[in-house]
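Residue numbers (full-length UniProt numbering): 1 to 221. Glycine included, C-beta positions come from ideal geometry on N, C-alpha and C.
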Amino acid sequence: MRIITTLLLLFIFTPTISAKSMYVDDTLFVPLRSGQGLGYRIVHKGIKSGTSVEVMEQSSETGYSKIKEPGGAVGWLPTRFLVSEPIAKDKLEAALKKLQILESKDKNQSSEISKILEENSELKESNTTLGKLNSTLTTELEEIKSISSNAIFLDQRNRELQESNQQLRNELELLQADNQRLKDKSETDFMLLGGGLVGLGVLIALIIPWMKPTKKNDSWA
């Protein structure tokens, strides 16, 4: 009974330690030795976990492997510290780095998409402007065609009027020439008629005295 009471008192007065979760860091440094065992000289103070090494020789009996680290040091370490794939930390860092690259690419792609959308909007505006300009140019072209067609008609009409005018000038010149000939002929006929009348008057003046009767002189009776 005394033993049970003592155990209960010890249980009651023993300080309670609160439990909490903790993690063992996977980063460690493995010493590199000159031989296959802990009694051999250390040739490298510690190779960090995750370091890529070149395996030169392995011994299944001792459980050691001969490796060459990136710095050039050659030695032995326990084979259990070697894995064929990168450690979780390196995988996580690689994954995070890849994620950062993808996020950067995503940002760049988002920026490129925004730029493309902006360029597309500008192209739409340019297309609208070009459409309006095309409509304006089409209207102006139709006006030019109309003016050109009217100009061709006016030019043709002008040529016809010039030809008619030239024909009228030719006819006028012919009429003027005929009028001049008639005028010259009239003047000639008038001069001939006047000359004839003068000659006739002279002739009458010469004939009339001969036509008067002669009176006899009484003194000669």
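query: Residues that V202 bridges to, as DSSP identifies them; result: None; V202 has no bridge partner.
query: Straight-line Cα distance separating K115 from L133; result: 26 Å
query: Exposure label - Q176; buried when at least 16 CB within 10 Å; result: exposed
query: Buried or exposed (CB count within 10 angstroms, at least 16 for buried), Q36; result: buried
query: Contiguous alpha helix (DSSP H) assignments of at least 4 residues, all confined to the UniProt domain "SH3b" (19-86); result: none
query: Neighbourhood of G194 by C-beta, 8 Å cutoff - its chain only, sequence neighbours within 5 removed; result: none
query: Buried or exposed by the 16-neighbour rule on C-beta atoms within 10 Å, applied to I47; result: buried
query: Residue environment, S110, which counts as buried when at least 16 other CB atoms sit within 10 Å; result: exposed
query: 7 Å Cβ cutoff met for E69 and V53; result: yes
query: Rounded separation between V55 and T79 - CA only; result: 10 Å
query: Inter-residue CB distance, L32 and G72 (contact presumed, cutoff 8 Å); result: Actually they are not in contact, since the Cβ atoms of L32 and G72 sit about 11 Å apart, beyond 8 Å.
query: Beta carbon of S65 nearer than 7 Å to that of L82; result: yes
query: Separation of D178 from E171, as counted between CA atoms; result: 10 Å
query: Cβ shell of L206 (< 8 Å), same chain only, five flanking positions each side left out; result: none
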